[in-house]
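Below is one structure, written out as structure tokens, with a few remarks after it.
In structure tokens form, the structure reads like this:
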């Protein structure tokens, strides 16, 4: 918990330097990333909005994720988290975004997507990147590791932006 709070605080410092905001689009973490961010006093200066879209219907309704993706690649996929990032940025107008969708367990896994499989995507401006992780442990462990990885990815993006500003 302490490490996650420190990551969120550092993200806030970097986003304030950039005069930028962040938004979150979460499925398997159920709002955990937004909770970590808003744990930081003054986060309203740099946190725009959080979307908890647990169902596919809400991913489409709130974030404009194309419904056909769920039938072709599934909710836990690169395509869906990248669409979630774009939708969250579009809806919130935040420059930075993170999206996560995964199988936290204890059930729900499959041979192709076992428990612990999580797709993460990050956006800054028009650029989107994503990666898949396979986190060990129980449901709480998977969710905590996902929140940590999401914040670390946002920190990398913010550091790159600061470096590019000179």
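Numbering (the numbering used here), first residue to last: 17 to 182.
Here a beta-carbon is modelled for each residue, glycine too, at the ideal position from N, C-alpha and C.
So is residue 17 buried or exposed if we call it buried at 16+ other beta carbons inside 10 Å? Taking the first residue of the chain shown as position 1, residue 17 is located at position 1. Exposed is the call here.
Residue 151: first and last residue of the uninterrupted alpha helix (DSSP H) it sits in: Reading the chain shown from its first residue, position 135 is the one you call residue 151. Premise fails: residue 151 is in no alpha helix (DSSP H) and is neither H nor E.
Could you say if the stretch 24-42 and the stretch 142-161 meet the contact criterion of at least three C-beta pairs nearer than 8 Å? no
Using 10 angstroms around the beta-carbon of residue 84, count the other beta-carbons present and answer buried if the total reaches 16, otherwise exposed. Here the question's residue 84 lines up with position 68 in the chain shown. Looking at its Cβ environment, which holds fewer than 16 other Cβ atoms inside 10 Å, residue 84 is exposed.
From the DSSP output, in three-state form, read off residue 103 for me. Mapped onto the chain shown, residue 103 falls at position 87. Helix.
Nearest CA to the CA of residue 156: which residue from 121, 126, 49 and 136? Position 140 of the chain shown holds residue 156. Taking only the C-alpha atoms, the option nearest residue 156 is 121.
Are the CB atoms of residue 81 and residue 138 nearer to each other than 8 Å? One-based indexing of the chain shown puts residue 81 at position 65. One-based indexing of the chain shown puts residue 138 at position 122. No; because the gap between Cβ atoms is not below 8 Å, this pair is not in contact.
Beta-ladder partner(s) of residue 133, from DSSP: Locating residue 133 in the chain shown gives position 117, where the first residue counts as 1. For residue 133, which the question treats as bridged, DSSP gives the partners 150.
Contact set for residue 97: own chain, Cβ-Cβ below 7 Å, skip 5 residues either direction: Taking the chain shown and counting its residues from 1, one reaches residue 97 at position 81. Result list for residue 97: 115, 116, 117, 135, 136, 137 and 146, in chain order.
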